[in-house]
Each structure stands twice: as structure tokens, then as C-alpha cells.
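K.L.:
Top line first, the protein sequences correspond to chains U and L.
Letter by letter, the first sequence follows residues 0 to 352 in numbering that gives the first Met the number 0.
Letter by letter, the second sequence follows residues 0 to 352 in numbering that gives the first Met the number 0.
Just so you know, even glycine gets a beta-carbon here, dropped at the ideal spot from N, CA and C.
I am attaching a structure below and will ask some questions about it afterwards.
Protein chains: 2
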Amino acid sequence: MATAPQAPTLADVARRAGVSRQTVSNAVNNPSLLREETLSRVQAAIDELGYVPNRAARNLRTGTTRLVGLRYIATPDGTANTAMDRFVKALVGAARDAGYHLMLVADGDDGSETPDPIKGYDDLLRSTAVDAFVVTETFLDQPQTAWLAQRRAPFVAFGRPWGEPEARHSWVDVDGAAGVRAATEHLIARGHQRIWWLGWSPSNRVDADRRSGWEQAMHAAGLPTDGLVASAADTVEAATEAAGAVLDTADHRPDAVVCATDTLGIGVLHALVARGLRAGTDVGVVGFDDSSAAQIVPPGLTSVRAPLEDVASEIVAALRRLLGPEPVEPTGVLLTPRLVVRGSTDPSDGPFL
Amino acid sequence: MATAPQAPTLADVARRAGVSRQTVSNAVNNPSLLREETLSRVQAAIDELGYVPNRAARNLRTGTTRLVGLRYIATPDGTANTAMDRFVKALVGAARDAGYHLMLVADGDDGSETPDPIKGYDDLLRSTAVDAFVVTETFLDQPQTAWLAQRRAPFVAFGRPWGEPEARHSWVDVDGAAGVRAATEHLIARGHQRIWWLGWSPSNRVDADRRSGWEQAMHAAGLPTDGLVASAADTVEAATEAAGAVLDTADHRPDAVVCATDTLGIGVLHALVARGLRAGTDVGVVGFDDSSAAQIVPPGLTSVRAPLEDVASEIVAALRRLLGPEPVEPTGVLLTPRLVVRGSTDPSDGPFL
DNA sequence: CTGAAAGCGCTAACAA
DNA sequence: TTGTTAGCGCTTTCAG
């Protein structure tokens with residue numbers, strides 16, 4: 000019910016402009032083929048009628064949909080992992096500029112079993128609902144990427160193909176090591192010396208990449224790193240506990256803690272509060288992601304911010320190449336994040352105190 | 000390039016099963032029409048071929064897409080307004096269960112002008128890209144809802160039609176007054192008496208609704224409300240400043256502050272930290288939204304949590320009715336949020352201390 | 001219960 | 001430069 004009034008079709012426009020349907024189609028898709036006079040007449044008819052090509056018909060005819068599938072991964076409760084939010088916003092805009100829209104991939108629902116992401120991708124693929132996917136699961140070492148590749152589905156990844164040297168797909172990633180290096184250098188420049196690393200899993204490649212930035216900066220400054228590595232599951236609780244242990248038992252208390260995520264960084268903040276220590280004054284703390292929480296938690300958590308707008312436009316650029324007429328070699332793009340300094344490393348900073 | 004192998008069509012299945020194409024179509028859409036034996040034979044062919052109906056063809060034929068448009072509103076930097084994130088996740092699932100997918104509405108891009116949300120809706124509508132919309136702009140008194148209604152576009156709103164008594168669309172909303180009432184009662188039960196209200200705009204209806212919950216609880220307990228209302232723009236900075244003024248100049252310092260949003264609540268936390276006061280011990284603080292930041296900011300911000308999973312499923316239910324064969328009256332559903340108690344009102348609570 | 005025919009609106013190929 | 005023809009894959013009549 001309440002459907003909008005009958006939408007005008009190509010034939011309506013053609014009738015009004017006194018041309019054939021094909022000419023209208025050309026006016027829309029290949030305007031350069033028309034004589035100027037004809038084009039403006041057709042254009043006028045299009046405007047008057049408010050004509051917009053019917054997507055279903057176009058999709059059926061061309062075999063494309065100008066839709067890109069993305070699996071939305073919500074922020075887990077109790078974490079600061081809110082990068083998806085900013086990424087989606089950026090991607091919607093970048094895709095729009097290229098004439099694409101985003102369709103959210105819903106996990107497959109095999110009755111009462113656990114949700115199955117691959118079934119979600121598979122359904123969309125089989126029903127030719129999307130032209131391609133943007134996948135963000137590479138951070139998690141999940142099988143989606145490999146599955147899509149083997150399925151020969153077009154996709155671009157946000158995240159390097161860590162485990163797969165033979166990967167033949169395009170990707171865009173953020174240089175975590177460079178970001179953490181800058182963060183560590185910032186702490187060193189402020190006079191910190193005993194700077195710990197707090198990661199979530201020593202064996203995870205993303206974690207290890209980020210940690211390498213800390214190591215590089217420490218070594219470059221001639222500072223030791225031995226015995227200064229801690230890790231905790233990527234939850235505030237676990238990080239609070241791990242940070243507490245570091246703060247309490249170390250023979251020398253840390254000057255500062257560089258964390259692999261904002262969630263971990265906020266855990267450190269908790270541990271400091273519990274001990275009556277002040278972040279930024281007594282101990283410097285740095286996170287990674289520039290999450291909403293990092294921005295607003297007192298006294299502000301200094302954090303490494305990925306240029307997600309650039310990530311989105313690079314991804315869309317790769318998508319266009321991938322879906323374009325000529326075959327292209329896959330590309331990999333590494334973008335450099337920037338450090339956002341707040342109260343947790345610089346008490347004079349942050350707008351709130 | 001790299002397109003998946005040619006997808007099987009209805010004709011392929013028909014040939015394999017030794018029936019006509021329509022019979023396969025019936026097997027998919029009206030299985031009850033087929034004899035059991037035929038059905039299972041067709042079903043076997045479908046499974047063997049991995050057949051899934053082509054969406055474009057189906058869309059063209061039926062005039063529907065089983066796609067729902069949603070405009071994604073990202074968390075503004077520097078705020079805790081992360082409800083969209085949880086809502087999207089819930090909506091993707093609820094829609095999937097009803098056979099729908101979400102398509103994100105991109106703001107219109109009129110060259111270099113400011114983004115135009117209505118153009119985004121209009122494009123999708125004109126090109127018959129979606130069957131309906133879910134709109135969340137009602138909180139903001141924005142014109143999208145009215146525009147869609149006047150355009151006779153099918154949609155369901157998250158948020159009451161505050162300004163439009165004559166609205167003829169279905170909506171689902173959260174009872175902010177009830178949530179804030181519960182929060183205020185919780186503070187009163189814990190012995191607080193001088194409880195301030197901090198909103199973002201006295202004239203905003205959502206703000207006023209939530210404030211009314213505070214008033215109700217205060218009056219019911221025989222506590223005064225006069226002179227205990229403050230307001231600040233919905234940013235941490237503004238809230239910090241406003242809360243500071245309240246804390247410094249009041250003849251009696253507040254026992255507690257009930258806030259219309261988590262962003263405001265976190266501003267209060269900042270003001271407390273700056274004055275060496277402890278949230279939950281010296282002053283109780285309550286927010287609204289149960290954002291990621293509320294969950295993890297020390298010492299945990301007690302907050303009113305909307306049942307977004309229920310909101311999503313009610314919205315999808317309304318959508319199904321709206322798009323169903325028979326005309327239906329619009330419905331309005333009001334859901335009750337629940338209070339999540341954390342350290343900012345109960346020092347013994349929260350997992351982090 | 002199953003099969004034949006028509007056509008949704010569009011664009012690619014070709015003809016004029 | 002413009003018009004004609006065909007058909008993408010599906011579902012909806014309507015016969016059988």
C-alpha cells in the first residue's frame with residue numbers, strides 16, 4: 000500500500016521528447032552520442048518527469064547492480080572498538096561518489112545454529128545481489144577472505160593478507176607499526192624512558208606489527224624493551240588486571256604504556272585510577288583507533304587514528320579497477336595513521352581540564 | 000573480471016529435474032502447489048546446482064527488491080552517541096529473519112554543496128532501489144520524515160512523530176521518561192536528594208520527555224526540582240563546563256546529576272575529575288544510551304539502555320505489515336529501556352575497581 | 001497439479 | 001546520429 004505514484008519509464012520520456020527509447024537510454028548512459036540539440040530536449044523531458052532509470056531492469060540487463068556488500072561488525076559490548084562506525088560512514092560517501100551503494104551482508108541463519116558469515120556472503124553472491132564485497136575480517140584471521148578468493152568472488156580487503164603470501168586480491172591497510180612508532184617517539188620526546196607495550200595476543204600478526212613500531216622507536220632511542228611486554232585479552236577487564244600487575248610488581252614502575260588498542264588503553268586508565276595515579280602526569284598512556292571512548296574518557300586518551308576516509312576512497316578506487324572493463328593486477332596500499340595527542344600523555348592538552 | 004562461474008537459472012533446474020520452468024518457480028515460491036514427489040525432485044535439482052533465484056529478474060518482475068533503506072548516522076567525533084552501531088547490528092538480523100537486507104542511503108551529493116539527505120532518499124525511491132525505509136531522524140526534528148510521508152514513500156520510524164499529531168506512519172520508540180524515572184528512583188533509593196537534571200535543549204521534545212521522568216520521580220519522592228535544571232550542548236566540552244558551573248556555584252552541591260545523554264554524563268565525569276571529586280562516591284551520575292564509552296569509562300557510567308534488539312524486531316514487524324498485501328493501520332510501539340548500574344552511582348559495582 | 005505465453009524496463013547490437 | 005529488434009531471468013495469468 001501507499002506506494003509512490005507510478006514511476007516514469009524510458010518510454011514515457013521518449014514519448015515526451017519525441018525520440019525513441021534507445022535515444023533516451025543513450026542520453027543517460029552515453030550522452031556524447033547525441034546531438035546537442037537532441038540531448039537537451041531529452042534532458043528537459045527527463046527533468047520534467049523526474050525520470051530515474053529503474054534499477055531492477057538495468058541490473059537484469061547489464062548483470063551488475065552497483066551494489067557493494069559489507070558485513071557490519073558492531074562494537075562488542077565493553078570495548079572501544081568503534082572503527083567500523085567511522086569506516087562505514089566514509090565508505091558510504093566514497094562509494095556514492097563512484098556510483099555505488101552499500102548493502103549490508105547478514106550472517107546466514109541456519110536455523111538455531113551459530114551465525115554463519117560465509118552463508119551470508121554466499122547468498123548474496125548466488126543471487127547476484129552485489130557486484131563485489133568489501134571485507135574487513137582480515138584482522139581476525141577469519142576464513143571469509145580465503146573463501147571469497149577461492150570462490151572467485153570480486154572483493155577488496157581492508158587489511159593485509161597476513162597469512163597468505165599468494166593472495167591475489169587488492170587490499171588497503173593502515174601502517175600500524177608506523178603509528179605506534181610515532182606514538183612511542185612522542186612519549187620518548189616527552190621524557191619517558193621505561194615504556195611498556197601492552198598487546199592482546201603476541202602471536203597475532205596485527206598485534207605483532209604494531210608492537211614492532213614500539214620496538215623500533217625504543218631501539219632507535221637506545222631504550223631497553225626486554226621484560227617490558229605484557230598482554231591481555233582485548234577487553235577492559237583483562238587489560239585493567241594486566242596493567243595492574245605491571246604497575247604493582249615491576250621493580251621500576253612504568254613511565255608509560257603503549258597499547259595495541261584503545262580498549263587496552265582504557266584498561267590501563269582504570270588501573271591507574273584504582274591506584275590514585277594520574278594518566279599523563281604519572282604514567283603516559285597511548286591507545287590505538289581513536290575511538291569515541293578515547294576521545295572523551297578523562298583525561299583524553301592519546302591514540303593512533305587511522306585515516307579511514309582515505310582507506311575508504313582507496314578501497315573504492317580498487318573496486319572500480321576490479322569491476323572495470325579491463326583486467327588489472329591486484330594492488331596493495333598502506334596508509335599512515337596519525338597520532339592524536341590528548342591528556343593521557345600531555346596534561347596540558349585535551350579540551351576538558 | 001574474475002566473476003563467479005555462470006549462475007544456474009530456472010531453466011537449468013527445470014531441465015535437470017525434467018519439469019517446466021514455472022514448476023521450478025512454484026517449487027521456490029509456492030511449494031504447496033506441487034505434488035510431493037515432484038517437489039522433492041525439483042528440490043534435489045536446486046540443491047545439486049546450488050540454484051538461487053536471480054534478484055534482478057525477480058525484482059523486475061515483482062516490482063519489489065526486499066531491500067530496506069537506512070541512512071547510517073555515524074557517531075559524531077567527541078561524543079558518546081553510539082546507538083546507531085548497536086541498532087544497525089540488530090536491524091540487520093531482524094531484517095534477515097524477514098527476508099530483507101539493508102541498503103545504506105547515501106546523502107545526495109549536489110556538487111560541492113552540503114550533503115542533502117533528502118536527495119539520497121529520493122534517488123533510491125525513484126530508481127525503485129528499496130521497498131521501504133527505516134528512518135531514525137525523528138530525534139532531530141529533521142524534515143526527512145515529513146518529506147517521505149508527503150511523498151507517500153513506505154517507511155517506519157524509530158522515534159515518535161513528536162511534532163506531527165496527524166502523522167500516518169508506523170513508529171517504534173523508547174520510553175525515555177520511564178528510563179530516566181527508573182534512573183532517578185535508583186539514585187533516590189541510594190540516598191541522593193539534591194539531584195540535578197542536565198539536558199541538551201529544554202525545548203527539544205526528546206529532551207523534555209526524558210526530563211519529565213526525572214521530574215516524576217522527584218515529585219513522587221517529595222523532592223524539589225526548582226532550580227535544579229541545567230543544559231548544555233550535547234558535547235563533552237559543553238557538558239563539562241555546564242557541570243562545572245553547577246558544581247561550583249550551587250549553594251548546595253548536587254548529590255547527583257541525571258543526564259539526557261551519555262555524552263553529557265561523561266562531561267559531568269570530567270568536571271568531577273577536575274575538582275578531585277569521585278563519581279559514585281561524592282556525586283552520582285547517570286547517562287542515557289549505554290554507549291561504548293559509558294560501559295568503559297572509569298568508574299563506569301550508569302546509563303539507561305534502550306532495547307534496540309526489540310526496537311529492531313518491532314520495526315521489521317511493522318515493515319512486514321506495511322509491505323504486506325492488505326492495507327493496515329499504522330501502529331505505534333513504545334518500549335521500556337532498562338537501567339544499567341555502574342560505578343558512577345554505585346562504587347561497589349562495575350567490574351573494574 | 002503442470003505447462004505455455006507474455007512481459008516487467010532496460011541496454012547491446014545492429015540497421016537505417 | 002537515431003531507430004529497431006531482441007532478450008536478460010523471473011513470475012503471473014491462463015489453459016490443459
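9 Å is my cut-off, CB to CB: does residue 143/L come that close to chain U?
P.N.:
Chain U, which has no Cβ nearer than 9 Å to the Cβ of residue 143/L, makes this no.
K.L.:
From residue 101/L to residue 188/U, what distance separates their C-alpha atoms?
P.N.:
Going from the Cα of residue 101/L to the Cα of residue 188/U covers about 48 Å.
K.L.:
For residue 296/L, which residues in chain U fall below 7 Å Cβ to Cβ?
P.N.:
Per Cβ cutoff of 7 Å: 292, 296.
K.L.:
Bridge partners for residue 100/U per DSSP, in chain order?
P.N.:
In DSSP, residue 100/U forms a bridge with 66/U.
K.L.:
Looking at the secondary structure, which residues open and close the alpha helix (DSSP H) in which residue 319/U lies?
P.N.:
Segment 307-322, the alpha helix (DSSP H) holding residue 319/U.
K.L.:
Anything in the region 119-138 of chain L with a Cβ closer than 7 Å to a Cβ of chain U? List those residues in chain order, please.
P.N.:
Flagged, chain order: 122, 124, 125, 126, 127, 128.
K.L.:
Where are the alpha helix (DSSP H) runs, 4 residues long or more, that stay fully inside the region 171-202 of chain U, in chain order?
P.N.:
Runs of the alpha helix (DSSP H) inside the region 171-202 of chain U: 175-188.
K.L.:
Cα-Cα, which of 47/L, 29/L, 212/L is closest to residue 335/L?
P.N.:
Of the listed residues, the one whose Cα sits closest to residue 335/L is 212/L.
K.L.:
Buried or exposed for residue 76/U, going by 16 or more other Cβ atoms inside 10 Å?
P.N.:
Exposed is the call here.
K.L.:
I'd like the span of the alpha helix (DSSP H) that includes residue 131/L, first residue to last.
P.N.:
Element bounds for residue 131/L: not the alpha helix (DSSP H) but the beta strand (DSSP E), 131-134.
K.L.:
Hey, is residue 265/U's beta-carbon within less than 9 Å of any beta-carbon in chain L?
P.N.:
So yes, residue 265/U belongs to the interface.
K.L.:
Flag residue 76/U as yes if its beta-carbon sits less than 9 Å from any beta-carbon of chain L, otherwise no.
P.N.:
For residue 76/U, the answer is yes, since a Cβ of chain L falls inside 9 Å of its Cβ.
K.L.:
In the DSSP output, what is residue 281/U paired with across the bridge?
P.N.:
For residue 281/U, which the question treats as bridged, DSSP gives no partner whatsoever.
K.L.:
What is the rounded straight-line gap between the Cα of residue 352/U and the Cα of residue 245/U?
P.N.:
Note on residue 352/U: pLDDT 47, under 50, position unreliable in the model; the coordinate value appears next. The straight-line gap from Cα to Cα measures roughly 27 Å.
K.L.:
Measuring alpha carbon to alpha carbon, tell me which residue in 196/U, 163/U, 170/U is nearest residue 311/U.
P.N.:
Here the closest residue by C-alpha is 170/U.
K.L.:
Going by DSSP in three states, residue 92/L sits in which element: helix, strand or coil?
P.N.:
DSSP places residue 92/L in helix when its eight states are reduced to three.
K.L.:
In angstroms, rounded to a whole number, what distance separates the CA positions of residue 262/U and residue 190/U?
P.N.:
When rounded, the distance between both Cα atoms is 25 Å.
K.L.:
Check whether the Cβ of residue 144/L sits closer than 8 Å to any heavy atom of the ligand SAM, and report yes or no.
P.N.:
In the structure on display, the ligand SAM does not appear, and there are no ligands present to speak of.
K.L.:
Where do the N-terminal and C-terminal ends of the alpha helix (DSSP H) with residue 12/L fall, by residue?
P.N.:
Segment 9-16, the alpha helix (DSSP H) holding residue 12/L.
K.L.:
Give the DSSP-derived three-state secondary structure of residue 167/U in the structure shown.
P.N.:
Looking at residue 167/U - three-state DSSP - the assignment turns out to be coil, as it is neither helix nor strand.
K.L.:
For residue 81/L, collect the residues of the same chain with a Cβ closer than 6 Å to its Cβ; drop the 5 residues on either side in sequence, then sort them by chain order.
P.N.:
74, 290, 291.
K.L.:
Hey, which unbroken runs of the beta strand (DSSP E) at 3 residues or more fall wholly within the region 227-281 of chain U?
P.N.:
Listed in chain order, they are 228-230, 255-258.
K.L.:
If distances are taken between C-alpha atoms only, which option among 105/U, 224/U, 155/U comes closest to residue 94/U?
P.N.:
Of the listed residues, the one whose Cα sits closest to residue 94/U is 155/U.
K.L.:
Taking residue 17/L as the reference, give the member of 37/L, 329/L, 278/L with the closest Cα.
P.N.:
For the residues 37/L, 329/L, 278/L, the minimum Cα distance to residue 17/L belongs to 37/L.
K.L.:
Per DSSP, residue 154/L forms a beta bridge with which residues?
P.N.:
Answer is 132/L.
K.L.:
Identify the contact partners of residue 368/U in chain L, using a Cβ-Cβ distance below 8 Å as the criterion.
P.N.:
The question about residue 368/U has no answer, for chain U in this structure spans 0 to 352.
K.L.:
On the premise that residue 51/U lies in contact with residue 22/U, defined as a C-beta separation below 8 Å, what is that separation, rounded to the nearest angstrom?
P.N.:
The pair is not a contact, with the Cβ atoms about 17 Å apart (cut-off 8 Å).
K.L.:
May I ask you to list the residues that DSSP assigns as paired with residue 332/U?
P.N.:
According to DSSP, which records beta bridges pairwise, residue 332/U is partnered with 171/U.
K.L.:
Please report how far the alpha carbon of residue 315/U lies from the alpha carbon of residue 114/U, in whole angstroms.
P.N.:
Near 28 Å, if we compare the C-alpha coordinates of residue 114/U and residue 315/U.
K.L.:
Could you tell me the alpha carbon to alpha carbon distance between residue 177/U and residue 83/L, rounded to whole angstroms?
P.N.:
Spanning the two alpha carbons is a distance of roughly 31 Å.
K.L.:
Using the three-state DSSP reduction, which class does residue 1/U fall into: helix, strand or coil?
P.N.:
The predicted model places residue 1/U with a pLDDT of 35, which falls under 50 and marks its position as unreliable, so this point remains unresolved.
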